[in-house]
Structures are given as structure tokens and as C-alpha cells.
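Peer 1: Numbering that gives the first Met the number 0 applies: residue 0 is where the sequence shown begins, and numbers increase by one.
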Amino acid sequence: MSIYLDEKNPGKHKPFDDASQDIVEYVRYLEVIAGKSANTAFSYYCDLRGFSRFMKRRRGLVPDDSEMKDIDPKGLDTAFWATVTKEDIYEYLYFLSRECGNKKSSTARRLASLHGFYDYLVNQVNRLDADPTAAIHPPKQDKVLPKYLTAEQSIELLESTQTQSDFPERDYCMVVLFLNCGMRLAELVGMNLDDIDLENRQIRLFGKGHKERMVYLNDACIEALQLYLSKRNTMEGLLPQEKAVFITRRRKERISNRRVEQLVTGAMKAAGLKGFSTHKLRHTAATLMYQTGNVDILTLKQLLGHSSVSTTQIYTHLQEFQVRAAIEGNPLGKLKKPKSEPKVLDSTEQETGESSEKTMPEQEPEPVPMEAFDGAAKDGIGLDAAALAMEQNADVENRND
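#1: Have a look at Ile195, Pro62, Lys55, Asp69 and flag the residue whose alpha-carbon is nearest the alpha-carbon of Asp76.
#2: Go to Gln201, then tell me how far its alpha helix (DSSP H) extends in each direction, as first and last residue.
#3: For the pair the stretch 185-198 and the stretch 144-156, tell me if three or more CB-CB distances fall below 8 Å.
#4: Report buried or exposed for Leu47, applying the criterion of at least 16 other Cβ atoms within 10 angstroms of its Cβ.
#5: Measuring alpha carbon to alpha carbon, tell me which of Asp170, Gly34, Asn217, Lys268 ends up nearest Ala284.
#6: According to DSSP, which residues form a beta bridge with Asn191?
#7: What is the DSSP secondary structure of Glu252, reduced to helix, strand or coil?
#8: In this structure, how does DSSP classify Lys7 when only helix, strand and coil are distinguished?
#9: In the structure shown, what three-state DSSP assignment does Asp130 receive?
#10: Apart from the five residues on each side of it in sequence, which residues of its chain come closer than 6 Å, Cβ to Cβ, to Lys230?
#11: Does the count of Cβ pairs from the stretch 18-37 and the stretch 110-120 closer than 8 Å reach three?
#12: Counting only the same chain and skipping the five closest in sequence on each side, list residues whose C-beta sits under 7 Å from that of Thr277.
#13: Which residue wins for smallest C-alpha separation from His114, given the options Pro131, Ser105, Gly100?
#14: Output the distance between the C-alpha atoms of Gly236 and Glu252, rounded to the nearest integer angstrom.
#15: Does any C-beta atom of chain D lie closer than 8 Å to the C-beta of Pro167?
#16: Taking Leu302 as the reference, give the member of Gln225, Met213, Lys279 with the closest Cα.
#17: How many Å lie between Phe15 and Val23 at the Cα?
#18: Applying the criterion that 16 or more other CB atoms from any shown protein chain within 10 Å of the CB defines a buried residue, is Leu224 buried or exposed?
#19: For Glu211, name the three-state secondary structure that DSSP assigns.
#20: Short of 7 Å in beta carbon distance, which residues of its chain neighbour Leu178, apart from the five on each side in sequence? Order them along the chain.
#21: If I follow the unbroken alpha helix (DSSP H) through Glu90, where does it start and stop?
#22: Since I believe Ser65 is in contact with Ser19 (beta carbons under 8 Å), could you give me their beta-carbon distance rounded to a whole number of angstroms?
#23: Using only the alpha-carbon positions, how far apart do Gln240 and Glu222 sit?
#24: Report the rounded CA-to-CA distance for Glu158 versus Cys172, giving the unit in angstroms.
#25: What residue from Arg58, Glu98, Gly265, Phe53 has the CA that sits closest to Asp69's CA?
#26: So is Lys35 buried or exposed if we call it buried at 16+ other beta carbons inside 10 Å?
#27: Quick one: is the Cβ of Arg97 within less than 7 Å of any heavy atom of the ligand ATP?
#28: When the Cα of Leu127 is compared with those of Tyr93, Ile135, Trp80, Ser105, which residue comes out closest?
#29: Out of Tyr227, Ala37, Asp71, state which residue places its alpha-carbon closest to the alpha-carbon of Asp17.
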């Protein structure tokens, strides 16, 4: 865990000080002026420290065999940032991909950090005249479908919280909220008692950049919260001023992100679910809500707290049975091959004066002309429907919503 971020107070951190002054001031700008969350600011800070180390080694300011983690990121001034070129940026991206093994999404985020940093130096504080990142585009992203639990797997997970926990009321309640409200981990950990309104069946969440939104609570959430809060409020040794909703059993203080992840991972393991993280519960909630057909994409965007509908569109992916139905609906799928041995009538007069049937030599069947299917194409069925379904499936994309 970072020495900077405080999990129990997600909006707070120690001062950032082990980077160049320009970077430190940029991160302060992100939080105070741009309104970014502590997590976002910290991510940018780490990215820029990494770039500082790379540039020190590239410019020969440290020995060539220096380990990146051992290079001091401090000591680079504004004049140094002015000497960075496009070639330096391209080499950095190559380094991230080939030597560090970064995924395209990680490389794109680090490039975004550099874009923001140079935009700040050029346009916000006017310390530089040119931006070397201006014409550099991020790598094309792989389109990955979000991984999520089925409804049956979700029920198994909920059941496992009852048998594998030393505080089942709390752990069950947390998983219920994840699966029904699509909360982020930090949103759940940061919840306070006065954010819950059981009478009006809603809860107030603070998302990225401290953006506030209200989320409706269904019957399952209400029941789980009432059960947990009755247990929480009668715990011996709990201080009256503790305002956190979810607390630890021993210390009676706000639970940390890491502890929630451990509890959820343990419950998943007990349920026989592998390859899923806590964040996948948010994907599960969004996917199951969308697949019911009772929620449109804009409503889902508001519920999840996304700033852009393009982020929400990853949940519009087609299910396997929908793709199968599109293929099965193709009229060409019912087409049968013509018989290969047609019989014809021989009109040659025989001695008996009667005509006779002869079997023609076996020949390759004539190809079916494409004009025969023009009607199907014009009606919007057949090839058009299958192609449309597969095109929509191909357009779907999956971080750190």
C-alpha cells in the first residue's frame, strides 16, 4: 500500500514530495482546481515519477545499469521538461510495452498523465511554449468484455458470506450492496451513517472526484442494512462518534479497502469462484440489471456514476444465446442442397410407341443464383441481421472504472 494514501480516509493523503517541483504542483492543481480524487491524483503522480526515472536514465544522468526503482525521481526542473521530444515519448511508450510488459490500457493511462502534465505547463501556468505530447495518440485498445458473475454464482457468493465469516451480518450486507447498487469499493468503504436514508430507501454515494449521487435501495438492501446496523450499533466498545457504516470487528473503526477485498476474495474462494475480483461485483450488478431489459443505458450511466456514456456501453454486450439466435435466424441456414441425380423424360419413340425414363449421368448441381436471396436481404433478415449482431458484439469494450 502507498505511503501516501490513507484507506480509512480516502480523500486524504500525506504531502507528495518525492518528485520534481513541477510535478508536485501539478498534482496539487489536479486535486484543488481540477477536482480529481486522491486516487486519481496519486495515479498521475506515480506515472510522472516513473517517466522522470526513465528520462534520467535515457539522458545519462544515472548509470545505464541502474534499476528503475532505485533512481531518484527528484531534481528535474522546468528547463529539463522543455527539452523532452516526441522521440523521448515514443521511446518511453516502447519501454512500457516491451520491457515493463504494460497492457495497452496501462500504457494509454501513462500517456494521458503526460498529456495532462504538459497541458498544465503550457496552457495553465505558461511555463513552456510547446507540448511534445500534443500529436501523440494512445495505442488502439483491445476490446474486452467485462467479466461478471451469473445470477446463480451471485447467490452462491452471498450464501458463502454466511458460513465463512466471523461477522456474517457485515460481510453479507457489503456483498448485497455491491451486487444490487453497483458500488465502487471506495464508495462502500467511505459510506457514513448519515448517508443512509432507510425511510426514503436511498443512499448517498461519493464517487470519483467526490461526485455525489443518490442510489435507490431495493428490499434486499434494506433488509441487509437493517440486520447489520442493529448488530453494529450494539457492539461493545464502539465509540459514539464513529460515523463509518462498515467497521472492523476488533478495532471498531472504519474498515479498509484491503480488508474488504480480503473478505470478498475469501467468500468467493469458499463458493468455488475463481478469477473474480471485488470490482467484478460492480460489473455483475450493471450487467444483470441491463440484461433484464428494464434499464436503458442512460439510467445505468447515472446509477453507476459514470461521467461518459461511452464507459457504460461496455455493458451492452450481447449474450451468447443472442448471437446464436441471430445465426440460427439466417434463411441460408435452412437451405438444402439440390438433388444430384435428377430424372428426365426421354421422348424418343420406342418400338412399343411408349416413352421411357432414363437417368442422366451424375453432374455437379448448378449454383444457386444470389438474386434468389435479394428479397431476404432487403427485408433486413438473413445476412444483414447476423452481420449486425456480430458487428455490435465486436464493438463492445472492459480497469479501474
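Here a beta-carbon is modelled for each residue, glycine too, at the ideal position from N, C-alpha and C.
Peer 2: Quick answer:
#1: Lys55
#2: No alpha helix (DSSP H) contains Gln201, which is instead part of the beta strand (DSSP E) from 201-205.
#3: no
#4: buried
#5: Asn217
#6: Ala243
#7: coil
#8: The predicted model places Lys7 with a pLDDT of 49, which falls under 50 and marks its position as unreliable; any figure quoted below should be read in that light. Note: Lys7 maps to coil in three-state DSSP.
#9: coil
#10: Glu168
#11: yes
#12: Leu184, Val259, Glu260, Val263
#13: Pro131
#14: 10 Å
#15: Judged by its chain identifiers, the structure shown contains no chain D, having just a single protein chain.
#16: Met213
#17: 6 Å
#18: buried
#19: strand
#20: Ser153, Leu280, Thr283, Ala284
#21: 85-93
#22: Actually they are not in contact, since the Cβ atoms of Ser19 and Ser65 sit about 18 Å apart, beyond 8 Å.
#23: 25 Å
#24: 12 Å
#25: Phe53
#26: buried
#27: This structure does not include the ligand ATP; it has no bound ligands of any sort.
#28: Trp80
#29: Asp71
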